[in-house]
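Some notes on the structure that comes next.
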Amino acid sequence: MINEDPALGDLSEIGDAIGDRKLTSVQATEACLHRIETWQPRTNAFLRLEADKALAQARAMDKELAAGKRRGRLHGVPMAHKDMYYRTGQLSTGGSEIRRHWTAPVTATVLERLDAAGVVELGFLNMAEFAAGPTGHNVHHGHCRNPWDGARVTGGSSSGSGASVAARMVYGALGSDTGGSIRLPASACGVVGMKATYGRVSRAGAVARSWSLDHVGPLTRTVRDNARILGVIAGYDPDDSTTSEKAVPDYEATLDGGVAGLRIGVALPEALVPVDAQVGAAVQAATDALGRLGATILPARMPDFTDLYRSAEVMVKCEAAAMHRPWMESGAPYANQVRTRMEAGFFIPATQYIDALRLRAHFVREFLDIAMADVDAVVLPAIPFPVPTLEETDVESSGGPATLSMVARFTGLTRPFNTLGVPALSLPCGFDANGMPIGLQLVGRPFDEALLYRIGHAYQGATDHHRRVPL
Amino acid sequence: MDEKTSLAAGIARHLQGLGYDEKRLAEIATEVDILNGAVRKAAAARLTFDDEPAAFASLMAREAK
């Protein structure tokens with residue numbers, strides 16, 4: 009059923025309506041543009057809006073449909089992406105001042121795949137500078153603001169992706185995730201974000217933060233929407249040698265499998281990061297709901313991630329320092345907190361960096377043996393505390409110990425799964441006392457995205473947190 | 647300048663060609679000390695001669711659902 013305002017529909021609903029000729033791509037695009045007119049001033053989600061180009065694309069998609077050609081289930085659907093996916097000859101800032109006027113020499117593989125699927129591109133979205141920051145602050149292009157409360161953070165680094173999807177400006181958006189940068193904005197903005205298995209989605213033509221830990225993935229309003237996009241962008245890519253040749257399943261086809269018979273472990277890992285009572289209660293309520301749907305709920309044991317956290321820091325700092333060296337040497341204009349977080353990478357011996365990489369398989373083995381031994385998936389919060397304000401988390405302006413501590417805790421429950429490379433899905437599971445969304449994180453075995461989608465879809469079928477729209 | 651800060655100053659100047667003031671070098675030396683120590687400890691407890699970085703990708707493929 010299409011809403012009166014098509015912008016409020018889900019991506020899959022709109023894609024199907026366009027395919028069935030009940031709605032045109034132009035109508036869907038115009039609805040998004042209308043929504044953007046209202047919400048862009050409130051959120052600063054877009055860095056570049058390309059309305060004319062999007063409308064021209066939409067007309068072309070409608071023309072193809074009229075001629076009997078449908079490219080697939082995303083044909084004619086408007087999206088926008090974090091401003092770190094290259095498109096040949098076009099600006100790509102990476103959220104930075106350094107690349108404010110830089111044009112890309114190649115097109116990202118994921119954009120090529122979305123192009124081939126007939127997606128309409130509305131523009132490019134705000135993000136943390138070079139994807140380095142979990143809050144959504146950006147001193148160069150203006151902070152991104154949460155549509156649920158403009159004084160609060162969106163989460164980052166895919167800040168514009170979270171805000172634009174939540175405010176119904178776009179039906180879906182690509183983000184990227186090195187320590188939580190898809191799942192954090194998904195959680196803080198009340199949308200769905202998938203960090204798939206490392207190697208499931210190509211990173212070619214995307215700005216790197218850390219080659220070893222970067223993951224590309226979609227943010228959407230529903231689990232079904234997310235599954236539809238991942239099905240298009242996932243798969244082997246000769247331009248990214250870390251991608252897997254494993255076949256990509258039809259994620260949508262198994263969504264309705266339900267959770268009966270599944271064993272789901274619940275982790276409220278106080279030992280890792282203190283979890284706020286409101287967040288803990290929302291996660292508990294979500295697992296209760298999954299239990300009522302037929303899943304067996306068990307307490308999950310998590311390994312001690314202390315060594316993993318430090319190893320991940322070594323990887324990020326060394327890889328970021330190596331790629332940013334020419335700019336850092338020349339005194340290029342970084343935000344202070346972006347530059348200082350990389351500097352240690354110049355001082356860490358190569359042996360330590362290599363050992364961090366060698367340790368990774370051991371960390372995965374420990375996680376699978378301890379946390380996943382008796383369960384099909386693990387549930388835990390995405391962000392361990394209620395969504396804070398921009399002011400409370402502004403490390404660039406205040407940088408006090410309390411601010412730094414809060415920002416560090418932001419990624420405490422997401423970062424492990426980048427090092428482990430396993431799939432992790434964030435979806436809304438409630439609202440806090442401030443009316444801000446709370447995110448539930450589902451974690452699975454390598455390449456088991458289909459199961460996480462199945463659990464998330466069952467949960468969304470029984471709840472309506474994802475149906476609430478910011479006003 | 648303490649020994650670790652002095653070492654960081656030497657790395658910055660002679661190995662990396664970078665210039666930092668003493669305060670920043672002291673901060674970096676502390677940060678690197680913590681990270682190096684943690685990885686050395688983790689490596690000592692887990693790694694053997696035959697461990698290689700590519701084992702991660704192999705394990706992910708082997709454990710794939």
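Heads up: the sequence lines are chains A and B, in that order.
Under the numbering used here, the letters of the first sequence match residues 9 to 479, in that order.
Under the numbering used here, the letters of the second sequence match residues 647 to 711, in that order.
The beta-carbon is built from N, C-alpha and C at its ideal position, and this holds for glycine as well.
Computed from a predicted structure; not experimentally measured.
Would you decide whether Ala-410 (chain A) is buried or exposed? Buried here means 16 or more other CB atoms lie within 10 Å of its CB. Ala-410 (chain A) should be labelled exposed.
Identify whether Glu-105 (chain A) lies in helix, strand or coil by the three-state DSSP scheme. Looking at Glu-105 (chain A) - three-state DSSP - the assignment turns out to be coil, as it is neither helix nor strand.
Once DSSP output is grouped into helix, strand and coil, what is the label at Tyr-666 (chain B)? Three-state result, Tyr-666 (chain B): coil.
With a cut-off of 8 Å, does the C-beta of Thr-186 (chain A) fall near any C-beta of chain B? Interface annotation, Thr-186 (chain A): not in contact with chain B, CB-CB separation never under 8 Å.
Would you list the residues sitting across from Ile-305 (chain A) in a DSSP beta bridge? Answer is A:Ile-272.
Euclidean distance between Cα positions of Val-161 (chain A) and Ala-75 (chain A): Cα to Cα, the separation comes out at about 45 Å.
Which chain A residues sit within Cβ distance under 7 Å of Asp-648 (chain B)? Contacts between Asp-648 (chain B) and chain A, judged by CB atoms closer than 7 Å, are missing: the closest CB pair is about 15 Å apart.
Whole-angstrom distance between Glu-400 (chain A) and Asp-363 (chain A), CA atom to CA atom: Within the model, the alpha-carbon separation for Asp-363 (chain A) versus Glu-400 (chain A) is close to 36 Å.
Using the C-alpha atoms, what's the distance from Gly-663 (chain B) back to Gln-286 (chain A)? Rounded to the nearest whole angstrom, the CA to CA distance from Gln-286 (chain A) to Gly-663 (chain B) is 50 Å.
Using a threshold of 8 Å, state whether the C-beta atoms of Thr-250 (chain A) and Gly-187 (chain A) are closer than that. Not closer than 8 Å, so no.
Alpha helix (DSSP H) segment containing Ile-446 (chain A), residue limits: Premise fails: Ile-446 (chain A) lies in the beta strand (DSSP E), 445–451, not in any alpha helix (DSSP H).
Cβ-based burial, Gly-17 (chain A) [other Cβ within 10 Å; buried from 16]: Classification of Gly-17 (chain A): buried, given that the 10 Å Cβ count is 16 or more.
Using the beta-carbon count (16 or more within 10 Å), is Leu-479 (chain A) buried or exposed? Leu-479 (chain A) counts as exposed, since fewer than 16 other C-beta atoms from the protein chains shown sit within 10 angstroms of its C-beta.
Going by alpha carbons, who is nearest to Arg-309 (chain A) out of A:Lys-254, A:Ile-378 and A:Lys-325? Of the candidates A:Lys-254, A:Ile-378 and A:Lys-325, the residue whose Cα lies closest to the Cα of Arg-309 (chain A) is A:Ile-378.
Here's the rule I'm using: 16 or more other beta-carbon atoms within 10 Å means buried, otherwise exposed. How should Phe-354 (chain A) be labelled? By the neighbour-count rule (16 or more Cβ atoms within 10 Å), Phe-354 (chain A) is buried.
Mind reading off the beta-carbon distance from Val-274 (chain A) to Pro-307 (chain A)? Whole number of angstroms is fine, and I expect it under 8 Å. Contact flag correct, Cβ pair sits at about 6 Å.
Between Asp-123 (chain A) and Ser-184 (chain A), which are expected to be in contact by the criterion C-beta below 8 Å, what is the C-beta distance as a whole number of angstroms? In this structure Asp-123 (chain A) does not touch Ser-184 (chain A) by the C-beta definition: roughly 18 Å separates them, more than the 8 Å allowed.
Cβ distance (whole Å) where Ala-243 (chain A) is taken to contact Glu-260 (chain A) below 8 Å: The sequence as given places Gly at residue 243 (chain A); Ala does not occur at that position. Contact between Gly-243 (chain A) and Glu-260 (chain A) is absent: CB atoms are separated by about 15 Å, not below the 8 Å threshold.
Run through DSSP, which three-state label would Met-647 (chain B) get? It is coil, neither helix nor strand.
Residues of the stretch 219–252 of chain A whose Cβ lies closer than 9 Å to any Cβ of chain B, in chain order: Using a CB distance below 9 Å, the part of the stretch 219–252 of chain A facing chain B consists of Ser-220, Thr-250 and Ser-252, ordered along the chain.
Proximity winner among A:Ala-194, A:Cys-40, A:Arg-79 and A:Leu-73, relative to Ala-88 (chain A) (alpha-carbon distances): Residue A:Cys-40 holds the alpha-carbon nearest to the alpha-carbon of Ala-88 (chain A) among A:Ala-194, A:Cys-40, A:Arg-79 and A:Leu-73.
Would you kindly work out how many angstroms separate the C-alpha atoms of Glu-278 (chain A) and His-148 (chain A), rounded to a whole number? Those two C-alpha atoms are separated by around 36 Å.
Residues near Phe-371 (chain A) in its chain [Cβ-Cβ closer than 7 Å; skip 5 each side]: Cβ neighbours of Phe-371 (chain A) beyond the five flanking positions: Leu-316, Thr-427 and Leu-428.
Sheet register partners of Ser-184 (chain A) (DSSP bridge): Its beta-bridge partners are A:Val-224.
How would you call Phe-695 (chain B), buried or exposed, if buried means at least 16 neighbouring beta carbons within 10 angstroms? The residue in question, Phe-695 (chain B), is exposed, as its Cβ has fewer than 16 Cβ neighbours within 10 Å.
Give the straight-line distance between the Cα atoms of Ala-654 (chain B) and Val-322 (chain A), rounded to the nearest whole angstrom. Linking Ala-654 (chain B) to Val-322 (chain A) through their CA atoms gives a straight-line distance of about 16 Å.
Assuming Pro-155 (chain A) is part of the alpha helix (DSSP H), what are its boundary residues? In this chain, Pro-155 (chain A) is not harboured by any alpha helix (DSSP H), its DSSP state being neither H nor E.
Measuring CA to CA, which of A:Ala-255, A:Pro-394, A:Val-215 and A:Pro-396 is closest to Phe-138 (chain A)? In terms of Cα proximity to Phe-138 (chain A), the closest of A:Ala-255, A:Pro-394, A:Val-215 and A:Pro-396 is A:Val-215.
Hey, how far is the Cα of Leu-276 (chain A) from the Cα of Cys-437 (chain A)? Each residue's alpha carbon lies about 15 Å from the other.
Does DSSP classify Pro-436 (chain A) as helix, strand or coil? Residue state, collapsed to three classes: strand.
With the cut-off set at 8 Å, would you say Leu-133 (chain A) and Thr-101 (chain A) are in Cβ contact? With a cutoff of 8 Å on beta-carbon distance, Leu-133 (chain A) and Thr-101 (chain A) are scored as not near each other.
Leaving aside the five residues before and after Asp-24 (chain A) along the sequence, list all residues of the same chain whose C-beta is less than 8 Å from its C-beta, in chain order. For Asp-24 (chain A), where only same-chain residues beyond five positions count, the Cβ hits under 8 Å are Arg-81.
Might you give, ordered along the chain, the residues of its own chain that have their beta carbon closer than 8 Å to the beta carbon of Thr-348 (chain A), omitting 5 neighbours on each side? The answer is none, since no qualifying residue turns up.
Compare the beta carbon distance of Met-69 (chain A) and Gly-126 (chain A) with 8 Å and say whether it is the shorter of the two. Yes. Within cutoff.
Taking the beta strand (DSSP E) that Glu-129 (chain A) belongs to, which residues open and close that run? Residue range 128–133 is occupied by the beta strand (DSSP E) that includes Glu-129 (chain A).
So what does DSSP say about Asp-258 (chain A), is it helix, strand or coil? Coil at Asp-258 (chain A), not helix or strand.
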